[in-house]
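Shown next, in C-alpha cells, is the structure this report addresses.
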Amino acid sequence: MTPGQTLVLLGGGLVAGAINAIAGGGSLVTFPLLVGLGLPGVAANVSNALSVAPGYAASAAGSRPDLTGQGRRIRTLIPVAVLGTLGGSALLLFTPHAVFDVVVPFLLLAAAALMAFQNRLRSLTGHPDPGRTAFRFRLAVLLCGLYGGYFNAAMGVLLIAALALVLAETLQRISALKNVFSAIVGVTTVLIYSAFGPVNWAVVAVLAPATVVGGFFGARLARRLPSEVLRWTIVVFATAVAIVLFVT
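Residues 1018 to 1265 (this note's numbering) make up the sequence shown, in order.
If you want it as C-alpha cells, here you go:
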C-alpha cells in the first residue's frame, strides 16, 4: 500500500465514521474506495465491515446520553440483532451477490420515503399497543441485522426509518439506538469474517482507527442537530446513495 493510498483510506475512514454516526451509510464511502484500490468485491466487503466496526462502538459511546432509559430495548435488541447478522453473513459467504445488488437501491429509496413521510404515516397508523410495538421493533431489528450481515452499507438509514415509525422517541434517541445496534452487528461480523472471510488486514489496520475518530465526533454532532435537520439529512443522503447505486 502506497503512502497516497494510506492517506486516502484515512480520510475516507474519518468521513465514513462520521456519516455512520449521523445517518448511517458510511460504508458507501469506504467500500468503493477499497474496490478502487483493487480489492475483489467480497474481500472489499468483509474488509470494510471489519474496518467500520470499531467506529460503530465509538458512535455508541459518543451518543451515550441519548441511551438513558433504553436499557430494556438494548437487552431485547442484542439477541435479535445477532440472529439477523448471522443469517446475513451466511448469505454473503455462501450465495451470489447479483440479486441483492439489485434490491439494495430500492431498499434505500423505501427508507428515504419512510423518513420523508414519517409524520403522515404515523397519523395513518396511529400509536400501536405496546405488544404490537415490541413485535415491530424486533422485526425491524431482525431484518436490518440480516441486511447488515450481508452488505452493511446504509444499514443505519434503514433501521432509523423503520424504528421512527414504531417508537415514540426523538430521532436523536433513535439514532443512539441505531449506533448500539450497529456496534452489535459490527462485533458479530468481525467474529465471522475473521474466521471465514477473505480479509485484507493491512486495509483494516489503516481504516479502523480513522472510523473510530470519525464515529465519536459524528455522534457528538448528531446530538446537536435539530430533529428536522437530522431527518432531512438522512432523507437526502439515502436518496443520493440509491441514485449512485442505480447508476453503478
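Glycine is no exception: its CB is placed at the ideal position from the N, C-alpha and C atoms.
Between the CA atoms of residue j and residue i - distance to the nearest angstrom
{"i": "Leu1272", "j": "Leu1094", "result": "An answer regarding residue 1272 cannot be provided, because it is not within the stretch 1018 to 1265 covered by the chain."}
{"i": "Val1069", "j": "Val1063", "result": "10 Å"}
{"i": "Ile1209", "j": "Ala1033", "result": "22 Å"}
{"i": "Pro1057", "j": "Gly1086", "result": "43 Å"}
{"i": "Trp1218", "j": "Val1174", "result": "27 Å"}
{"i": "Ala1181", "j": "Pro1020", "result": "42 Å"}
{"i": "Ile1177", "j": "Ala1151", "result": "16 Å"}
{"i": "Val1183", "j": "Ala1066", "result": "28 Å"}
{"i": "Thr1142", "j": "Leu1188", "result": "Caution is warranted here: a pLDDT of 49 is assigned to Thr1142, below 50, making its placement in the model unreliable, and the coordinate value is therefore given only provisionally. Distance between the alpha carbons of Thr1142 and Leu1188 is about 19 Å."}
{"i": "Met1018", "j": "Leu1050", "result": "13 Å"}
{"i": "Phe1048", "j": "Ala1185", "result": "33 Å"}
{"i": "Glu1245", "j": "Phe1134", "result": "12 Å"}
{"i": "Gly1088", "j": "Ala1193", "result": "12 Å"}
{"i": "Val1216", "j": "Ala1107", "result": "16 Å"}
{"i": "Pro1082", "j": "Val1261", "result": "34 Å"}
{"i": "Leu1031", "j": "Met1172", "result": "18 Å"}
{"i": "Ala1259", "j": "Leu1084", "result": "30 Å"}
{"i": "Pro1122", "j": "Arg1092", "result": "31 Å"}
{"i": "Ile1039", "j": "Ala1212", "result": "30 Å"}
{"i": "Val1097", "j": "Phe1234", "result": "28 Å"}
{"i": "Val1119", "j": "Ala1130", "result": "18 Å"}
{"i": "Leu1224", "j": "Gly1028", "result": "9 Å"}
{"i": "Trp1249", "j": "Pro1243", "result": "10 Å"}
{"i": "Arg1241", "j": "Ala1222", "result": "31 Å"}
{"i": "Gly1214", "j": "Leu1045", "result": "20 Å"}
{"i": "Ala1061", "j": "Val1052", "result": "6 Å"}
{"i": "Leu1026", "j": "Ala1115", "result": "27 Å"}
{"i": "Arg1155", "j": "Phe1263", "result": "30 Å"}
Nearest neighbour of residue i, chosen from the options [CA to CA]
{"i": "Val1253", "options": "Leu1026, Leu1126, Pro1049, Leu1051", "result": "Leu1126"}
{"i": "Ala1055", "options": "Asp1083, Ser1080, Gln1022, Glu1245", "result": "According to the sequence displayed, residue 1055 carries Gly and not Ala. Of Asp1083, Ser1080, Gln1022, Glu1245, the residue nearest in Cα terms is Gln1022."}
{"i": "Ala1179", "options": "Leu1124, Leu1024, Thr1250, Ala1236", "result": "Leu1124"}
{"i": "Arg1237", "options": "Ala1035, Val1116, Gly1028, Leu1026", "result": "Ala1035"}
{"i": "Ser1080", "options": "Val1207, Thr1256, Trp1249, Asn1196", "result": "Asn1196"}
{"i": "Thr1205", "options": "Leu1156, Gly1162, Val1223, Trp1249", "result": "Gly1162"}
{"i": "Ala1257", "options": "Gly1043, Ala1115, Gly1028", "result": "Gly1043"}
{"i": "Leu1024", "options": "Leu1156, Ala1115, Val1220, Val1116", "result": "Val1220"}
{"i": "Arg1190", "options": "Arg1090, Gly1029, Leu1026", "result": "Arg1090"}
{"i": "Ala1077", "options": "Val1052, Asn1037, Ala1115, Gly1053", "result": "Asn1037"}
{"i": "Val1207", "options": "Val1099, Phe1154, Val1264, Leu1156", "result": "Val1099"}
Evaluate contact between the segment 1185-1202 and the segment 1054-1074, counting only Cβ atoms and requiring at least three cross-stretch pairs below 8 Å. yes
Kindly confirm or deny that the segment 1165-1185 and the segment 1093-1111 touch, where touching means at least three C-beta pairs closer than 8 Å. yes
Any beta strand (DSSP E) of 3 or more consecutive residues that is wholly inside the segment 1204-1247: none
Any contact of the segment 1107-1116 with the segment 1221-1236, i.e. 3+ C-beta pairs under 8 Å? no
Curious, which full-length alpha helix (DSSP H) runs of at least 4 residues does the segment 1035-1063 contain? 1044-1053
Minimum length 3: unbroken beta strand (DSSP E) runs contained in the segment 1060-1118: Counting whole runs of 3 or more residues, the segment 1060-1118 contains no beta strand (DSSP E) stretch at all.
Pick out the complete beta strand (DSSP E) segments inside the segment 1148-1208, 3 residues or longer, and give them in chain order. none
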